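*Asks:*
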Amino acid sequence: MRFILKYLHPYLKRAGGGMVSKFLATLTELFLPWLLARMLDDIVPTKNANQVFLYGGIMLLCSLIAWVGNILANRVAASVARDCTRTLRHDLFGKITRLTSREIDRFTIPSLISRMTTDTYNVYRMIGMMQRIGVRAPLLLVGGIIMTMSQDPVLASLLLAILPFMGLIVWFISKKGVPLYGVLQKNVDTLVRVVRENMNGIRIIKALSKTEDEKKRFQQINEAVAGSETKAASVMAINSPTMQFLLNMGLVLVVVVGARRVSAGVTGTGDIIAFLSYFTIILNAMLTITRILTMYSKALASSRRIEEVLNAQEEEALGGEHEEVPGAPHVEFDHITFSYNKKVPDVENVSFALQRGQRLGILGPTGSGKSTLIKLLLRLYDTDQGAVRISGVDVRDIPLEKLRRMFGVVFQNDAIFRGNIGENVRLGREISLEDIDRALRDAQASFVAEKGGIEAEVVSRGQNLSGGQQQRLLLARAMAGQPDILILDDAASALDFKTEAALRAALREGYHQSTVITIAQRISAVMHSDLILVMEDGQVQGLGTHEELMENCPLYREIAQLQLGGNEDE
Amino acid sequence: MSERRGGMRGMPIKGQAEKKPVNKRATILRLLQYMMHFKWWLFIALALTIVSNVFAMIGPTLSGRAIDCIAEEGGVNFQGVAYYGLLMLLFYLGSSILSYLLSILMVHISRRVTLRMRKDLFERLADMPVGFVDTHPVGDLISRIFYDTDTINTSLSSDVVHVLASIITIFGSLIMMLSISPKLLLVFAVTIPLSLVITTFITRRTQPLFRLRSRKMGELNDFSEEMITGLKTLKAYNQEDNTLASLDDLNEEVVTAYYKSEYYSSVMGPSVNLVNNLSLSLISVFGAIMFMHGNITIGNISSFVQYSRRFSGPINEIANIYGELQSAIAAADRVFNLLDEPLEKADAPDAYPLTDVKGNVEMQNVSFGYEKGKTILKNLSFEAKQGALIAIVGPTGAGKTTLINLLMRFYDIDSGRLTVDGQPVDELTRASLRRAYSMVLQDTWLFSGTIFDNIAYAKPGATREEVEAVAKAAKIHHYIMSLPDGYDTVITDDGANISKGQKQLLTIARAMLVDARMLILDEATSNVDTRTEVQIQQAMRRLMKDKTCFVVAHRLSTIRHADLILVVRDGNVVERGTHRELMRMNGFYRELYDAQFS
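So the protein lines, in turn, are chains H and S.
In terms of the numbering used here, the numbers along the first sequence are unbroken and rise by one, the last being 673.
In terms of the numbering used here, the numbers along the second sequence are unbroken and rise by one, the last being 611.
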C-alpha cells in the first residue's frame, strides 16, 4: 500500500482538494434529515410558513452544494487515477523490458502479462474508488453516527450496539467466502485447460473417435466449477439479508425506545423521523464499505504483484569502456560453465575462438546446451565461470546497448509482431528500404512479393504466415542490420533443402564480413562451416572442421552417417 | 502451432475483430427462449421477489403508524407503539428470510443455466469440423465458453432480480405514497422527469465513451501480451526504449479514454442524489405546511419520506443495470453465434461402417481448396495398394498436410473420388474411417493426465502390460521409469515438464496401440534427434509393417524406400515415382535431394 502512496504523492494536493470537496458535500447531505427534524419539531408548532420555506430553501441549497462538491470531487478523483496509472504502467512496462532473463524466468511470461494488464487495472480502479466512495462511505457512517449522537445519545447508542454484530457478519463471511473463491478459481483454470486441450488436439480426438469421452470429461469439470461457485455464492448470499435485518431491528428499537423518550419529553417526534433517515444512510454506507473491502483486498494483492516486479533485478546496462585488444579473436568462449538453476550445469567448460568473418556451426541433440551458449554471448544470462569475450573484451565490460547492436539474431520460436512485413524486418532500427529489400532477397523471402510487398499485413504472432515464411522473415530481420555477428538458432528448420542451400549461398556471398554462428540439428546446415562444435548434455563432444570431426568425433560421425548415409550408394 | 494449423495457410483468422451488427431483439428473444428451460425455477424466484419486496414495503407504513401513536394527542400510546413495533419486526424478519431464500434460489438457478450453457457450447464445439477450430483463435472460443456465459449468468441472476425488485419497489412505493397523500405526490411530477432527463442525457453522452475505452483497453492488453512474449527479441535488438515509447502512446490513449468517460459519467451519481435531495426538501416543505393545516399526520410524513427515498433509489439503479444488460446481450450474441455454427456434416443416412479394412486407398481426379475459388489440390490421382508406403514430399507450404486432412476426412473433397478398399469415403461413417488410421503428427498433443492415460487414450481399456509394451517399443519406457512416479507421472501444461522429443515418443507409443491397417506419419520424427530416431527406427518399422503408410517428410533420406513418392509443389503433384525413378528424371525431386548435400 505504501508503494501506491508513492505514486499518489505528486498528486496529493489535488487529491486532497478533491477529498475536501467530497467531505463538504457529504457533510451538507448529512444535514438534510436534521433540517427536516428541526422543521417538524421546532417550526411547525409555531405555524410560521415563512420559516418553513426558509428551511426548505436551506435544504435546497445544501442539496446543490452537495451536487457541485460531489461532481468536482469525482472528476478530481478520475484525473488523479489517470495520472497515477499512466506513471505506474510506464514504470512497470519499462521495468519489465529491463528485467534480467533470470527474473523473467522466475516470474514467467504469462504472469508478467497479467501483472501488466489485470493488476494495473485493479489498482487504477482502487485509486479512483478510494477517493470517491472510500471517503464518502466512512464519512456517511461516522457522520450519521455523530448526527444521531448529537440529537439523542440514547437512541444513537442503540445504533452503535448493532454495529459490532454487523462487523462480525462481515468478518465471518470474508473468512468463509474467500477460500471458497480460491477453490473456484482453481476449478476454472482446469475448465479452461480442458477446452484448450480439446481445441489443440481436435485432430487426434476425432481420429480416435474420442469426442464423446471428451464431452464427459468436460461435463465433470463443468459440474465441479458450478458446484464450487454455488458454495461460494451461498456464503455470500448471507450478507445482505442479515445486514438489512440488523439495521431494521435497529429501526424497531428506535421507535419503541423513542416512544418512551418522547413521553419523557427528552426527544421530539421529528427527531425519530430523522433517525429513520439516518439509519437508511448508515445502512447504505455499511453495504458500500463491505463492497469496497473486497475490491480493496483484490487491488492490494495486485499492487503487491506489481511491486514485486518493480523491485526485481534489472540488467546492468553499465560497463566500463574497454579498448578492443588488437589481434584478439572476434568471438571467444573461455572455459564457460553455466547453470540455470545453479545446481546442475547446463553447459560445462566450453571453449572456442572465432576470427572475424568465420562461420561456426553448433550441432547436437535437443537439450544439449546449444541455445544456452547463444544466450550467454548476448548476455541474456551471465556465465557462472569463465569469460565470453568479443574482440578481447569481456562481454560484461561492454555497455549492453553497444553489445547488442553488434548482433543479428534469430532465436528458436522467435517473435513476429503485428504490423507489416517491413516493420517486422526493421524492428524499430534505422534501416533503409534498400537494406530491407536486400535482406528479404538474401533470406529467400520471395513470398513477400506474392503477399503484396513489404506493406503486407502481418497479424499477431505471424499467424497468417506459414512456418517457412515466418523463418524467412526472421532471417531477413537478423540480416538487415549487416551485423558484426549473425546468430541463427534453428532458423532454417522449416525450409526445404533447396531454399536452405540458396540461403547458405547468399550468406556466403553477401556477409563475409559477418561472423556467423549457426545452430542446427541437420548436419547439412553446418557441415560447411569453418568450425563445428558438437554438443551433448552440455559437454563439448568435438570441435573442428567436418573432415576433422569425421576422423576423430564418434558422435559426429554417427550423426553424419545417419543423415547423409545414403549419398554414396546412389 | 504453424504445422497443426497447416491446413489454414492463407485463410483469414476469424474472431473478435470480425464485427457484425448485433440484432438485439432477436438475441433477447433467444435468451428468453433459452431461459424457458428453467421456467418453473424462475417462476418461484419471481414470486419470492414480489413477496419479499411487498413485505419490505409495508415497513415504513408500520413505522409511520408507530410514530403516529407516539405523537398522539394526550401522550404516547405505548400499546400502539409496541403493537406496530412487533409487526415491523415480523415483517422485516420475513422479508430478510425471503430475500435470503431468493438469493439461494438464484444461486441454484444460475448454476443450472451455466452448466447447461457451457455443456451445450462445448458439445457443439466438439462436434464442429476441424476447419472451424483451424480458423478460430483458441482464446476467443475459451472466452465464449467461460467468460461470456459468466457475464450472461451474472446479469441474469443478479440484474434481472434487481430490475424486478426495483420495479416492484417503484410501483409499491408509488401506491403507498398515493394512499398517504396524492397531493404530496405531485412533488414527483417535478423530480421524476428531471431524473429521467438527466440519466438519458448522461447515458447517451457516455455510452460511446465507454465503448471507446474498452476498445482501447483491449488494444493495450494485446500490445502488452505481444511485446512481453517477444521480450527476448526486443532485448536482442535494443528495442526496450522504442517499445516503451509505443506503450506510452497507447497508455496515454487508454487513460485519456478512461478519464473522459468518467468525467461525464461521474456526474450521474451526484445528479441522481441531487434529485433525491430535491424531492426530500420539497416533501419536507409541503409536508410541513400540510401538517400545519391538519391535512396530514406526522407519521404519514415519516412514511412518505421513507417511501420517497425508496422510490428514487431504483431509478438510478436501473440506469446502472442497463449498461450491464447491454454487455450481457453482447455476450449472449457471441454464445448463440457459436451455437449456430454448422456442425460437421452428418454421415449420410445410409452410411455404413468400414469393416475388414485391407488398406487400399485410391484418389481419382481429386480437387480441393480450403476457400471457394482457391483450389489447392488439382486433379490428383494415385493408388496406394495394401501395405504400400506412400511418401509425400515438397517444399514448405506446398500442400502436403492437405492430403492428410482429406484422407482423414477432416475436410471433404470438392470433386473427384476418394475410396478405401473400393468404397467411396462419403458412404462410410466417419468414425469407422478414422479408426482405420493410426496417426502421428508433428504437433505432439498430450493432455493433462498421467503418462499411462495419455498412451492408453488410443485404446479404451488398455492394460498396463499393453501400454508398457508399446512404450518399450517406442524407446520411452526407460525414461518413464526414471520419473519419480513412473507411468503415474502427471503431465502438466501441455507437457511443459518433458522435452519435445520425449513428447513425440509418447505420441508414437500411443499410435502403436491403435490396431489400424493404415498409418499417417506427418513429420512424425521431426522433434526427435537423430540418435533417438535410429533407436526407434525398429519400432517405427514394426509400426509400419503390413500397413498402408502415408508419410510426410522433410528428411528425404527417410523415405527413399517408399513405393511411391508424390512430389508436391504449389498444390500440384509435379512428379511421382520411386526414389530411383525420380532421381533419374533429374527434375524437381533431384534438385530437392541434392540440395541436402550441396
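From the three backbone atoms N, C-alpha and C, an ideal C-beta is built for every residue, glycine too.
These numbers were taken from a predicted model, which means no experiment stands behind them.
Please list, in chain order, all residues of the same chain as residue 517 of chain H whose beta carbon is under 6 Å from its beta carbon, the five residues on each side excluded.
*Replies:* The residues are 577.
*Asks:* Just how far apart, CA to CA, sit residue 406 of chain H and residue 189 of chain H?
*Replies:* Cα to Cα, residue 406 of chain H sits roughly 15 Å from residue 189 of chain H.
*Asks:* Among residues of its own chain, excluding the 5 on either side of residue 101 of chain S, which ones have a beta-carbon nearer than 8 Å to its beta-carbon?
*Replies:* The answer, listed in chain order, is 72, 75, 76 and 79.
*Asks:* Just checking my contact of residue 373 of chain H with residue 143 of chain H at CB under 8 Å: how many whole Å lie between their CB atoms?
*Replies:* Indeed they touch by this definition, with Cβ atoms about 3 Å apart.
*Asks:* Output needed in chain order: residues of the stretch 304-321 of chain S with a Cβ under 9 Å from some Cβ in chain H.
*Replies:* For the stretch 304-321 of chain S, which is checked against every Cβ of chain H, the residues closer than 9 Å are 304, 305, 311, 312, 314, 315, 318 and 319.
*Asks:* For residue 377 of chain S, is the classification buried or exposed, using 16 other Cβ atoms within 10 angstroms of its Cβ as the cut-off for buried?
*Replies:* Exposed, by the Cβ-count rule.
*Asks:* Beta-carbon within less than 6 Å of residue 451 of chain S's beta-carbon, same chain only, minus the 5 sequence neighbours each way: which residues are those?
*Replies:* Answer for residue 451 of chain S: 524, 527, 529 and 532, listed in chain order.
*Asks:* Take the Cβ of residue 289 of chain H as the centre, count every other Cβ of all protein chains shown within 10 Å, and call the residue buried at 16 or more, exposed below.
*Replies:* Answer is exposed; the Cβ neighbour count stays below 16.
*Asks:* Who pairs with residue 497 of chain H in a beta bridge, going by DSSP?
*Replies:* According to DSSP, which records beta bridges pairwise, residue 497 of chain H is partnered with H:492.
*Asks:* Look at residue 117 of chain H and residue 177 of chain H and say whether their C-beta atoms are less than 8 Å apart.
*Replies:* No.
*Asks:* Taking the alpha-carbon of residue 249 of chain H as reference, which of H:615, H:134, H:461 and H:641 has the nearest alpha-carbon?
*Replies:* It is H:134.
*Asks:* Between the alpha carbons of residue 351 of chain H and residue 246 of chain H, how many angstroms are there, rounded?
*Replies:* Cα to Cα, residue 351 of chain H sits roughly 19 Å from residue 246 of chain H.
*Asks:* By DSSP's criteria, residue 464 of chain H is part of a beta bridge. Which residues make up the other side?
*Replies:* Residue 464 of chain H pairs with H:621 and H:635.
*Asks:* Identify the contact partners of residue 300 of chain H in chain S, using a Cβ-Cβ distance below 9 Å as the criterion.
*Replies:* Chain S residues near residue 300 of chain H: 458, 459, 460, 461 and 507.
*Asks:* Roughly how many whole angstroms lie between the Cα atoms of residue 346 of chain H and residue 330 of chain H?
*Replies:* Distance between the alpha carbons of residue 346 of chain H and residue 330 of chain H: 26 Å.
*Asks:* Where does residue 404 of chain S fall in DSSP's three states?
*Replies:* Residue 404 of chain S falls in the strand class under three-state DSSP.
*Asks:* Any idea if residue 616 of chain H is buried or exposed, counting beta-carbon neighbours within 10 angstroms, 16 or more meaning buried?
*Replies:* By the 10 Å Cβ count, residue 616 of chain H comes out exposed.
*Asks:* Any contact between the stretch 311-318 of chain S and the stretch 372-386 of chain H? By contact I mean 3 or more CB pairs, one from each, below 8 Å.
*Replies:* Yes: at least three Cβ pairs fall under 8 Å.
*Asks:* How would you list, in chain order, the residues of chain H whose beta-carbon sits under 8 Å from the beta-carbon of residue 467 of chain S?
*Replies:* Residues of chain H passing the Cβ test: none, with the nearest at roughly 11 Å.
*Asks:* Hey, quick one: how far does the alpha helix (DSSP H) through residue 165 of chain H stretch, first residue to last?
*Replies:* That run of the alpha helix (DSSP H) goes 152-201.
*Asks:* Residue 456 of chain H: which of H:646, H:343 and H:281 sits nearest, CA to CA?
*Replies:* Nearest of H:646, H:343 and H:281 to residue 456 of chain H, Cα basis: H:646.
*Asks:* Excluding the 5 residues preceding and the 5 following residue 355 of chain H in the sequence, name in chain order all residues of the same chain whose CB lies nearer than 8 Å to its CB.
*Replies:* So no residue of the chain qualifies.
*Asks:* What span of residues does the beta strand (DSSP E) with residue 429 of chain S cover, start to end?
*Replies:* Start and end: 428-433.
*Asks:* Are the beta-carbon atoms of residue 461 of chain S and residue 300 of chain H separated by less than 8 Å?
*Replies:* Yes; because the gap between Cβ atoms is below 8 Å, this pair is in contact.
*Asks:* Taking a Cβ distance cut-off of 8 Å, strictly less, list which residues of the stretch 365-380 of chain H are near chain S, in chain order.
*Replies:* Hits within the stretch, in order: 365, 366, 372, 373, 375, 376, 379 and 380.
*Asks:* First and last residue of the beta strand (DSSP E) that includes residue 515 of chain H?
*Replies:* Neither: residue 515 of chain H is in no beta strand (DSSP E) and is coded neither H nor E.
*Asks:* Starting from residue 460 of chain S, trace the alpha helix (DSSP H) both ways and give me its first and last residue.
*Replies:* That residue, residue 460 of chain S, is in no alpha helix (DSSP H); it is neither H nor E in DSSP.
*Asks:* In this structure, how does DSSP classify residue 550 of chain S when only helix, strand and coil are distinguished?
*Replies:* Note: residue 550 of chain S maps to helix in three-state DSSP.
*Asks:* Does the stretch 196-203 of chain H come close enough to the stretch 283-302 of chain S to have 3 or more Cβ pairs within less than 8 Å?
*Replies:* Taking 8 Å as the limit for Cβ pairs, the verdict is that the stretch 283-302 of chain S does not touch the stretch 196-203 of chain H.
*Asks:* Along the chain, where does the alpha helix (DSSP H) containing residue 300 of chain S start, and where does it finish?
*Replies:* Per DSSP, residue 300 of chain S belongs to the alpha helix (DSSP H) from 281-305.
*Asks:* What residue ranges within the stretch 407-441 of chain H form continuous alpha helix (DSSP H) runs of no fewer than 4 residues, ordered along the chain?
*Replies:* Listed in chain order, there is nothing to give.
*Asks:* Keeping to the same chain, check which residues put their C-beta closer than 7 Å to that of residue 681 of chain H; ignore five residues upstream and five downstream.
*Replies:* No statement about residue 681 of chain H is possible, as the shown extent of chain H runs from 104 to 673 and does not include it.
*Asks:* Per DSSP, residue 562 of chain S is paired with what?
*Replies:* S:402 and S:532, per the DSSP bridge assignment.
*Asks:* Could you work out which residue in S:382, S:441 and S:98 is closest to residue 367 of chain S when comparing CA atoms only?
*Replies:* If we check each option's Cα against that of residue 367 of chain S, S:441 comes out closest.
*Asks:* Against residue 530 of chain S, what residues of chain H qualify as contacts under a CB-to-CB distance less than 8 Å, listed in chain order?
*Replies:* What residue 530 of chain S touches in chain H: nothing, since even the nearest Cβ is about 14 Å away.
*Asks:* Please check the pair residue 191 of chain H and residue 226 of chain H, which I expect to be a contact at CB under 8 Å, by giving their CB distance rounded to whole angstroms.
*Replies:* Correct: roughly 7 Å between the Cβ atoms.
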